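Using our numbering, the letters of the sequence shown correspond one by one to residues 4 to 91. Here a beta-carbon is modelled for each residue, glycine too, at the ideal position from N, C-alpha and C. Just so it is clear, the structure is predicted and the values come from calculations on it, not from any experiment. Encoded as structure tokens, the structure appears first; notes follow it.
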Amino acid sequence: MWLGLLLGLIFGIGAMLLLKKGFIIRWYIWLLSALAFLSLYGGITHYVGSIHEYEPTAGLYGLLVFVCIFVILAALAFQLAWRQNKPR
Numbered sequence: 004m005w006l007g008l009l010l011g012l013i014f015g016i017g018a019m020l021l022l023k024k025g026f027i028i029r030w031y032i033w034l035l036s037a038l039a040f041l042s043l044y045g046g047i048t049h050y051v052g053s054i055h056e057y058e059p060t061a062g063l064y065g066l067l068v069f070v071c072i073f074v075i076l077a078a079l080a081f082q083l084a085w086r087q088n089k090p091r
């Protein structure tokens, strides 16, 4: 529960800072960012659940898969936002 609140707080503060600075963020960039954070949240909860069930190897492999998805989606969202707001 606390992890979801913490990630939501981080995502919300980041979104407010971007909007306050005047960045133009399209809807698909928000969608990619939300999917990236959901992937990170899913990976952490999978790892914690696997540790509670005494399966640390499965937890680490699952975390690795979810973090790879997070990195790909977050990098794509960052790159799209960067190119859209690049000074011309």
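The C-alpha of L34 is placed about 26 Å away from the C-alpha of L63. Secondary structure of Y64 (DSSP, three-state): helix. Sequence-distant Cβ neighbours of A61 in its own chain, meaning closer than 6 Å and more than five residues away, are S53. When the five nearest sequence neighbours on each side are left out, the beta carbons in the same chain lying within less than 8 Å of the beta carbon of I32 are those of A80, L83, A84, Q87, in order along the chain. V74 and G65 have their C-alpha atoms spaced approximately 14 Å apart.
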